[in-house]
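Novice: Mind having a look at this structure? Questions to follow.
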């Protein structure tokens, strides 16, 4: 009798494994992406980690303040605001968001290879990108968009002037970027 109970228990466990495996589907559809797609906060937040590593510390992310671009089926660029309360005030001034890219992207004439970076909009209408060690990589000019209808703390939108370019916004300030080679 005990042997039959063990076999029944094992069969029950084995029958539920496929159900759990199916429940972990990819948050962003894996359908063939023929053209890049801008990801809103819900879409980007579903694949972003709850915390990120930068300059020796872990910081929680704000998925509600995120966005990105799905350039192809297997190529994302994501940005998310982070809680920088544990960092020094001098670093907080420039480290506001985390940028993760699976493809090379270009900000003005600066090529950023795939990887994870800290970034932020800083004084003097500038945008700075740092490696995860907190070392400055480059700074580019940001632009103020007085016509943006609904500014949010952070979002990514398509550039109205060029369908191959995108804008990373912090409020009404933005920088344009594109996939390298576009």
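Residue numbers (this note's numbering): 7 to 188.
Every residue gets a Cβ at the ideal spot worked out from N, C-alpha and C, and that includes glycine.
Using alpha carbons as the reference points, say which of 49, 69, 41 and 90 lies closest to residue 140.
Specialist: Looking at the Cα atoms, 90 is the closest of the given residues.
Novice: Might you give, ordered along the chain, the residues of its own chain that have their beta carbon closer than 6 angstroms to the beta carbon of residue 161, omitting 5 neighbours on each side?
Specialist: Same-chain partners within the cutoff: 73 and 175.
Novice: From 99, 95, 155 and 107, pick the residue whose C-alpha is nearest to that of residue 80; which is it?
Specialist: Looking at the Cα atoms, 107 is the closest of the given residues.
Novice: Can you tell me whether DSSP reads residue 161 as helix, strand or coil?
Specialist: Here residue 161 sits in strand by DSSP.
Novice: Can you check DSSP and say which residues form a bridge with residue 63?
Specialist: Paired residues: 60.
Novice: How many angstroms separate the CA atom of residue 70 from the CA atom of residue 187?
Specialist: Computed Cα separation, rounded: 30 angstroms.
Novice: Give a yes or no on contact between the stretch 116-134 and the stretch 37-56, applying the rule of three or more CB pairs nearer than 8 angstroms.
Specialist: With the cut-off at 8 angstroms, the stretch 116-134 and the stretch 37-56 do not touch.
Novice: With DSSP run on the structure shown, which of helix, strand or coil describes residue 45?
Specialist: Residue state, collapsed to three classes: strand.
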